[in-house]
Amino acid sequence: MKRLFLILAPLAFLAGCLEVDQHPHWVKGQYAGKKDNRQYDVHFHHDKLSWWGTISNRNQHQNEYNRANP
């Protein structure tokens, strides 16, 4: 039992040391990573109003009562 503890204890301590930093890098107060493409930029050619209209139309046509009835 003591031998098993001596083998597993260093492994448990080392497991916490291998965690990678997950915070974004900031340079001069701004995020230094890649800019994310927005859906309205990619699929609607920068037309945010058209994108909102499509999302609103899709949401209005979702009806749980129609989906639940066989």
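All letters in the sequence shown, in the order written, are residues 1 to 70 by full-length UniProt numbering.
Backbone N, C-alpha and C fix where the C-beta goes; we use that ideal spot for every residue, glycine too.
Keep in mind it's a predicted model, so treat the numbers as computed, not measured.
Tell me which same chain residues have a C-beta within less than 7 Å of the C-beta of residue i, skipping the five on either side of it?
i, result
"Gln22", "none"
Per the DSSP calculation, residue i is bridged to which residue(s)?
i, result
"Val27", "Gln30"
Output the distance between the C-alpha atoms of residue i and residue j, rounded to the nearest integer angstrom.
i, j, result
"His46", "Val20", "36 Å"
"Asn63", "Gly29", "45 Å"
"Leu49", "Gln60", "16 Å"
"Ser56", "Ala15", "47 Å"
"Asp36", "Val27", "17 Å"
Please list the terminal residues of the continuous alpha helix (DSSP H) segment that includes residue i.
i, result
"Gln22", "From DSSP, Gln22 is part of no alpha helix (DSSP H); its letter is neither H nor E."
"Arg38", "No alpha helix (DSSP H) contains Arg38, which DSSP labels as neither H nor E."
Within a Cβ cutoff of 8 Å, which residues of the same chain sit near residue i, ignoring the five residues on either side of it in sequence?
i, result
"Thr54", "Phe44"
Apart from the five residues just before and just after residue i, which ones in its own chain have a Cβ nearer than 6 Å to its Cβ?
i, result
"Tyr31", "Pro24"
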